Each structure stands twice: as structure tokens, then as C-alpha cells.
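Engineer:
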Ligand code: KMH
Ligand code: ZN
């Protein structure tokens, strides 16, 4: 089976130090968390950034500082800035994370509107999605198609029909926010994407390691990290993102799946190194 790409979503926009003191806010903390994940086997860092007080920002200046600091300690890692940002940000704000040097190799593209719990709605209209896809295509940024349910896969395929996505496509299936997090859900998503596409499974909260294990067996890739889950096991906070990655590496070893280096991940994902 193909080597396993592990993506670490080290920071997110919503989780706080009150929930887990290891959640990074400062540039130093973000670099520390990226290194902890990379040292354990993460080849992709999914990146949000914060101001020092923890408030989320998509500002390119802050992203540039974070990316520079990460490359110093993880020179060959694939950095994947979020273009989702935080609920309520404008499209222009969200896209600012891609205005860095070098231009990102990879970035998220959220393929629909999502109920985030309570009154929170993460809005992605068709025009937003098409516009983000067009800009990423122009800049040569590989989109990770974030799909929180099957309808979002269909939207991604509609964007593809317009010629706004270069092949092979790469999907990230996020389970446990809008769709439930079962093997059946994941299998339905995997069955719904074009042949030759690659995909990552991402389980939110207590589903993180179930979805990781199922994805490893099914030949997909895995995302873990504080953005999605703060616990190493029930009642035990993870001390670092590295601990979460380490657990995936252990599961992969038991299941016989070797781990991809960043350059091997580029090859699998058809990403051009900057
Ligand atoms: N923070 C969420 C509103 C992404 O990174 O592209 C959006 C999100 C998805 O995290
Ligand atoms: Zn994110």
C-alpha cells in the first residue's frame, strides 16, 4: 500500500489554552508544535495562526512569520495554510494567508457551508468556492478539498467540471462535525471521488483515532492535531501535537503502513516543491 501521509493541524482557529495549555498562539509556540509533529512523522502542517492573545488571524504578515519560523526547524515540511480561517471572516481576509513567500504549495479549499454547532455557521457560497479555486489555480497552489459531508464532494466535482481544479484531486473528509464519523460515512465519501484521487480522513474529537485507523486500512491518509482533538486518550490531554502524531505512527506500524517523508508526500500528492 502507498506510504502514509500524516498531516498535523497544530493550532486551529477555535481551540484555546484554557482547553489545553499546549495549544500554540505565539510564533515560537507554533514552531515548537510544528517541530514536535514533524519529528514524529508528520509531512504536512495544516496551519492557522493566532495573535499572541490567541485571537485567530489570516493576516499574511503573521503567516509569513509563522512559516519562516517553521521552515527553520522543519526545512522540508509541506506547509498547508488554511483558507478557512475562523467563522465570520470575509473571503478577502481568509485568502490573505496565501499571500506569502514562497507561495504555498498546498492550501485548504472548503467546499460548502457547514454547521459548526450552536449558532456558528461557516459560510462558503458557490461563488466563494469558485473564486478560491480560481485563485489557487492561478497561483499554482494545490487545493485540499475539505468536505464535511457528501454534498460538499458534489460541489467540489462541480468546481472540477468548470476546469478550476488540476488533477489528481486531493480530498480531506472531515467526520464528526456535520456528518457522523463511521466507517460507512467514510466509505461512502471514498466511493464518491474520481479514480486516481487521493484522500485524507480526519475525525473530530473522540473520533480522531478511529478515523485514523480506518483510513490507514482503507489506503487513505490521516490528519490529526489540536485543531481537531486535544486528547491523547479519554481524559488525558495530549502534551503536544507530536504525541498525537506518534500515536498514529504506532497504529500505522501495527497495520503495516510505512510513513511518507515530506518529499514522498509531494510525490503522492503531485505537489511541486517551491
Ligand atoms: N476554522 C474553520 C472555520 C480550514 O482550515 O480550511 C475552518 C477550517 C477549515 O478550519
Ligand atoms: Zn483548519
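Residue numbers (our numbering): 113 to 386.
A virtual CB, placed ideally from N, CA and C, is assigned to each residue, including glycine.
Predicted model only: the values in this text are computed from it and were never measured.
With distances taken between CB atoms, is the gap from residue 286 to residue 321 smaller than 8 Å?
Structural biologist: Taking 8 Å as the Cβ cut-off, residue 286 and residue 321 do not qualify as a contacting pair.
Engineer: Name the two residues that bound the continuous beta strand (DSSP E) containing residue 218.
Structural biologist: Taken as a continuous stretch (DSSP letters only), the beta strand (DSSP E) holding residue 218 covers 218-222.
Engineer: Measuring alpha carbon to alpha carbon, tell me which of 166, 301, 264 ends up nearest residue 222.
Structural biologist: Measuring from the Cα of residue 222, the nearest candidate turns out to be 264.
Engineer: When every heavy atom of the ligand KMH is checked, does at least one fall within less than 7 Å of the C-beta of residue 238?
Structural biologist: For the ligand KMH, not one heavy atom lies less than 7 Å from the Cβ of residue 238.
Engineer: Can you check whether the C-beta of residue 157 is within less than 8 Å of a C-beta belonging to chain C?
Structural biologist: Judged by its chain identifiers, the structure shown contains no chain C, having just a single protein chain.
Engineer: Which residues neighbour the ligand KMH when neighbourhood means a C-beta less than 7 Å away from any of its non-hydrogen atoms? List them by chain order.
Structural biologist: Listed along the chain, these residues meet the criterion: 124, 125, 126, 158, 160, 194, 195, 196, 197, 198, 199, 220, 222, 228, 234, 258, 339.
Engineer: Tell me where the alpha helix (DSSP H) around residue 357 begins and ends.
Structural biologist: Segment 353-366, the alpha helix (DSSP H) holding residue 357.
Engineer: Using only the alpha-carbon positions, how far apart do residue 155 and residue 273 sit?
Structural biologist: Approximately 30 Å between the Cα atoms of the pair.
Engineer: Less than 7 Å between the CB of residue 178 and some heavy atom of the ligand ZN, yes or no?
Structural biologist: No; taking the cut-off as 7 Å, the Cβ of residue 178 has no heavy atom of the ligand ZN nearer than that.
Engineer: Output the residue ranges of the alpha helix (DSSP H) runs that lie fully inside the region 272-353 and measure 4 residues or longer, sorted by chain position.
Structural biologist: Counting whole runs of 4 or more residues, the region 272-353 contains the alpha helix (DSSP H) stretches 295-303, 320-330.
Engineer: Identify whether residue 228 lies in helix, strand or coil by the three-state DSSP scheme.
Structural biologist: Reduced to three states, the DSSP call for residue 228 is coil.
Engineer: Could you compute how far the alpha carbon of residue 317 sits from the alpha carbon of residue 278?
Structural biologist: Distance between the alpha carbons of residue 317 and residue 278: 32 Å.
Engineer: Hey, would you say the C-beta of residue 121 is under 7 Å away from at least one heavy atom of the ligand ZN?
Structural biologist: Residue 121 Cβ: within cutoff of the ligand ZN.
Engineer: Taking residue 305 as the reference, which of 289, 280, 323, 295 has the closest Cα?
Structural biologist: It is 280 whose Cα lies nearest to the Cα of residue 305.
Engineer: Span of the alpha helix (DSSP H) holding residue 179?
Structural biologist: It spans 172-185 - the alpha helix (DSSP H) in which residue 179 sits, taken as one unbroken run.
Engineer: Spell out the partners DSSP gives residue 254 in its beta bridges.
Structural biologist: Beta-bridge pairing links residue 254 to 218.
Engineer: For residue 128, which three-state DSSP category applies?
Structural biologist: Residue 128: coil per DSSP, three-state reduction.
Engineer: Could you say which of 308, 298, 210, 346 lies nearest to residue 334 if we only look at CA atoms?
Structural biologist: Measuring from the Cα of residue 334, the nearest candidate turns out to be 298.
Engineer: Suppose contacts are defined by Cβ-Cβ distances below 8 Å. Is residue 151 in contact with residue 337 by that definition?
Structural biologist: Contact: no.
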